[in-house]
Amino acid sequence: MAARYSVARAARQLTSAAARKPSPFVCQRWQQASQAQRLFSVSAALKEKKYTEDHEWIEMSADGKTCTLGISEYAAKALGDVVYIELPQVEMEVSEGDAIGAVESVKSASDILTPISGTVAEVNSDLENKPAQINKDPEGDAWIAKITVVEEPKGKLMSKSEYTEFTEEA
Amino acid sequence: MASRKAVAVLRPAVNGFGPRLLRAECAQKVQYSTRTLASYTSRPRKLARPSQRSVRYASSEVPKEQLGKTGLYELHSKHGAKFVPFGGYLMPVQYSDLSIVDSHNWTREKASLFDVGHMVQHHFSGPGAEAFLESITPSSLSSLPECQSTLSTLLYPETGGIVDDTVITRLADKFYVVTNAGCREKDTAYFKEQLEVWESKHSDQPVEWKILDGQGLIALQGPLSAEILARVLDDKSVTDLKTLYFGQCTAATIKGTDAEVLVSRGGYTGEDGFEISIPSYATEAITEFLLDFAKDELRFAGLGARDTLRLEAGMCLYGHDLDETTTPVEAALSWIIGKDRRAKGGFHGDSVILQQLKKKSEGGGVSRRRIGLIVEGSPAREGAEIVNEAGEKIGNVTSGCPSPSLKKNIAMGYIKDGMHKAGTEVDVVVRGKKRKAVVTKMPFIPSKYFKQPANAKA
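Going line by line, the protein sequences match chains A and B.
Going by the UniProt record's numbering, the first sequence wraps up at 170, each residue one higher than the last.
Going by the UniProt record's numbering, the second sequence wraps up at 458, each residue one higher than the last.
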């Protein structure tokens, strides 16, 4: 198993003076996101950008069928210089919580976990050639994938302000 | 301003004059101040000067509160350090002024200062010191000139597995040995056991062993290192520095003070540079002094940059690229085995190691070897499998990162003997996918050591 860990763990290293995990040089297995079983019944609420505790964001298209996914500015900053991004395959079916790709920075490899189930409709191929783009505009041009949604996300999602509060607490 | 302050702190500690307050603060330390390598600790964690047999050592498993701090902890904090637990200490992984890549490049272009005070510094002295160290390492210490260092490995009896990698330096009347922080407890137990064995067999050749607790150790690395170091040394030391070559060391005095440090030319980055061992009372002041004298050239660098720099330089990190199951021959460290040692043996695991050094036709060789790899696409990290064309596992990666200097993914690992030749094409599995990789000679980038000219050799 390669030294992989989630964006969440890299982000934790950014904030806590003494990271809770032994060291960035120790082989670490990636963590599955904790899944709070909370039903999301209002799709309209997803049209606003939402954030996960693993530092991904999703945003629903106007027609409510496609979800754009990326990593947060906070995560991009925590990862540092990104040198490689592994994108998911188009048409791949993904389930909530799956690692659908990875972001490689100098110090670590971090999985990108999808907070929503569906089929990968499109990927941002520009990132393959210009991975550093993700440090510049992670919540805009440097989106990672678009997913055709099959069901409502079940995991915990936060609004921008809730997420900001969450990262400040971390 | 701050540099003047540094001198102010140093002077009273050394000469005994200066403000009363400072004197009181340093009173306890004065008695150690004139020695090159004082063994006094100011760390509260170890109150009295401990005998090595009764010390409680920090390990990486201890809770955060029990993690050690080097004498530079406060200074790191002031410079925006982000700390991580490493080898039982809270150590800076990077600083707020530079990203890891920027810090890496800064080291290759200018100079960086690393706190390596978490590493363990030892003295071995007495009539049996040389023979004792030769019994536990494959180094030819009998041919090691004074003030010269050598990379070495502590070996387990019988197996010849590596307990730790270390640098051994011969000083006038003793050996100065530096071992890894992460191996502190293990090494201490090992030395203790080995010394007991030694004493029982060679009571006429006693060995005295001392751990230099609290002694500071900083690494000044990068092309501007010599120039920067010269600015803080007194005239005699500056002259000495001009003929101090890679692998050599000298006692040096900080300008305007009596503070004496041990300067060893070398390091863990592949650049020209120095490792400077400093008495604990002066570590912070001298470090600030250096930083103040080179404001636009010298920056602190943390473990993050240290790791990418050493990997580009093809150097091993114990616990990753080296471990107890690995012999120096497998680790591509045969060059550390002295000529006379190859002929006569007489060190732990000699029968295994000397057999491995023999030609294959004579039953020698090893089944795996440490190699470098350049990997396409995604960086390969520790644990990634190396596979052949048929997809069979033929080795694994032990360290890997994107190389900031080469802009390629570099890795170090072990591969089946026969597949270890530079240029051999293999695959490395990252996240379930095969990535093309080529066995590559190390160092990945040429070393820039300040070497003794061939015609000047004694």
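The C-beta atom is built at its ideal place from N, Cα and C for all residues, glycine as well.
Predicted model only: the values in this text are computed from it and were never measured.
Are the beta-carbon atoms of residue i and residue j separated by less than 8 Å?
i                      : j      : result
A:I112                 : A:I58  : no
B:T308                 : B:H104 : yes
residue 460 of chain B : B:E275 : The requested residue 460 of chain B is not part of the displayed model; chain B covers only 1 to 458.
A:L87                  : A:A132 : no
B:S405                 : B:C249 : no
B:E376                 : B:K339 : no
B:I374                 : B:V438 : yes
B:I278                 : B:G216 : yes
A:T66                  : A:V94  : no
A:V120                 : A:I71  : no
B:L311                 : B:I410 : yes
A:V106                 : B:V101 : yes
B:Y245                 : B:K451 : yes
B:G68                  : B:G88  : yes
A:T52                  : A:G155 : yes
B:G423                 : B:G372 : no
B:A252                 : B:L233 : yes
B:R368                 : B:M412 : no
residue 475 of chain B : B:K174 : As shown, chain B starts at 1 and ends at 458. That puts residue 475 of chain B outside it, with no answer to give.
B:I162                 : B:E382 : no
B:R170                 : B:E146 : yes
Could you give the first and the last residue of the continuous beta strand (DSSP E) run that contains residue i?
i                      : result
B:Y281                 : Here B:Y281 belongs to no beta strand (DSSP E); instead the alpha helix (DSSP H) covers S280 to D292.
B:Y95                  : Y89 to Y95
A:W57                  : E56 to M60
B:T166                 : I162 to R170
A:F166                 : From DSSP, A:F166 is part of no beta strand (DSSP E) but of the alpha helix (DSSP H) over K160 to E169.
B:F86                  : A81 to F86
B:W209                 : E208 to I211
B:K201                 : Per DSSP, B:K201 belongs to no beta strand (DSSP E); it is in the alpha helix (DSSP H), R184 to K201.
residue 499 of chain B : With chain B covering only 1 through 458, there is no way to say anything about residue 499 of chain B.
B:S399                 : K393 to P402
A:K146                 : A145 to V149
Residue i lies in the alpha helix (DSSP H); which residues open and close that run?
i      : result
B:K344 : K339 to K344
B:V129 : Checking the displayed sequence, the identity of residue 129 of chain B turns out to be Ala instead of Val. That run of the alpha helix (DSSP H) goes A129 to I136.
B:G304 : L303 to E312
A:A76  : E73 to L79
B:K360 : Taken as a continuous stretch (DSSP letters only), B:K360 belongs to no alpha helix (DSSP H), as it is neither H nor E.
B:A181 : Unbroken run through B:A181: none, as it is neither H nor E.
A:I116 : Element bounds for A:I116: n/a, residue is neither H nor E.
A:I134 : Q133 to K136
B:I386 : Looking at the DSSP string, B:I386 is not in any alpha helix (DSSP H); the run it does join, the beta strand (DSSP E), is E385 to V387.
B:K236 : D235 to K242
B:S77  : Y73 to K78
May I ask you to list the residues that DSSP assigns as paired with residue i?
i                      : result
B:R370                 : B:Y414
B:I175                 : Here residue 175 of chain B turns out to be Phe, not Ile, going by the sequence shown. Answer is B:F124 and B:R170.
B:A437                 : B:V375 and B:V426
B:F114                 : B:A219
residue 471 of chain B : The structure shown does not extend to residue 471 of chain B, since chain B is modelled only from 1 through 458, so no value can be given for it.
B:E260                 : B:T253
B:F300                 : B:L113
B:G68                  : B:Y89
A:V82                  : A:S105
B:N409                 : B:V375 and B:P402
A:K50                  : A:I58
A:C67                  : A:M60 and A:I147
Less than 7 Å separating the Cβ of residue i from some heavy atom of the ligand NAD?
i      : result
B:K210 : Absence of the ligand NAD is noted for the structure shown, with no ligands found whatsoever.
Using a C-beta to C-beta distance shorter than 9 Å, which residues of chain C count as neighbours of residue i?
i      : result
A:A102 : This model lacks chain C altogether; the protein chains it does include are A and B.
### Task
Taking a Cβ distance cut-off of 7 Å, strictly less, list which residues of the stretch 72-88 of chain A are near chain B, in chain order.
Flagged, chain order: G80, D81, V83, Y84 and E86.
### Message
Residues of the stretch 104-119 of chain A in Cβ contact with chain B at a cutoff of 9 Å, in chain order, please.
### Response
Taking 9 Å as the Cβ-Cβ cut-off against chain B, the residues of the stretch 104-119 of chain A that qualify are E104, S105, V106, K107, S108, A109 and D111.
### Query
Using a Cβ cut-off of 7 Å, which residues of the stretch 84-107 of chain B contact any Cβ in chain A, in chain order?
Of all residues in the stretch 84-107 of chain B, V84, P85, F86, L90, V93, S99, I100 and V101 have a Cβ within less than 7 Å of some Cβ in chain A.
### Message
Please list, in chain order, the residues of the stretch 375-388 of chain B that have any C-beta partner in chain A closer than 8 Å.
### Response
Taking 8 Å as the Cβ-Cβ cut-off, the stretch 375-388 of chain B approaches chain A at G377, S378, P379, A380, R381, E382, G383 and A384, given in chain order.
### the stretch 424-443 of chain B in contact with the stretch 378-386 of chain B per 3-pair CB rule at 8 Å
Taking a contact to require three or more Cβ pairs closer than 8 Å, the stretch 424-443 of chain B and the stretch 378-386 of chain B qualify as touching.
### Query
Are there three or more Cβ pairs, one per stretch, closer than 8 Å when the stretch 415-423 of chain B is compared with the stretch 118-137 of chain B?
With the rule of 3 Cβ pairs closer than 8 Å, the stretch 415-423 of chain B does not count as touching the stretch 118-137 of chain B.
### Query
How about the stretch 238-246 of chain B and the stretch 124-133 of chain B: do they share at least three Cβ pairs that are nearer than 8 Å?
They do not touch, by the three-pair rule.
### Query
Between the stretch 88-99 of chain B and the stretch 193-202 of chain B, do three or more beta carbon pairs fall short of 8 Å?
Under the 8 Å Cβ criterion, the stretch 88-99 of chain B does not count as touching the stretch 193-202 of chain B, having fewer than three qualifying pairs.
### Query
Are the stretch 281-300 of chain B and the stretch 221-234 of chain B in contact at 8 Å, needing three or more beta carbon pairs?
The stretch 281-300 of chain B makes contact with the stretch 221-234 of chain B: 3 or more CB pairs, one atom from each, lie closer than 8 Å.
### Query
Is it a yes or a no for the stretch 299-307 of chain B touching the stretch 107-116 of chain B, going by three-plus beta-carbon pairs under 8 Å?
Contact between the stretch 299-307 of chain B and the stretch 107-116 of chain B is present: three or more C-beta pairs spanning the two stretches fall below 8 Å.
### Message
Is it the case that the stretch 150-168 of chain B contacts the stretch 207-225 of chain B, given that we only count it when at least three CB pairs across the two stretches are under 8 Å?
### Response
The count of Cβ pairs closer than 8 Å, one atom from the stretch 207-225 of chain B and one from the stretch 150-168 of chain B, stays below three, leaving the stretches out of contact.
### Query
Is it a yes or a no for the stretch 70-80 of chain B touching the stretch 140-147 of chain B, going by three-plus beta-carbon pairs under 8 Å?
No, they do not touch.
### Query
What residues from the stretch 295-328 of chain B come within 8 Å of chain A, judged by C-beta to C-beta, listed N to C?
Hits within the stretch, in order: L303, G304, D307, T308, L317 and H320.
#### Entry: Within 7 Å of chain A by C-beta, residues of the stretch 167-201 of chain B in sequence order
Nothing from the stretch 167-201 of chain B brings a Cβ to less than 7 Å from some Cβ of chain A.
### Query
What residues from the stretch 384-417 of chain B come within 7 Å of chain A, judged by C-beta to C-beta, listed N to C?
The residues in question are A384, C401, P402 and P404.
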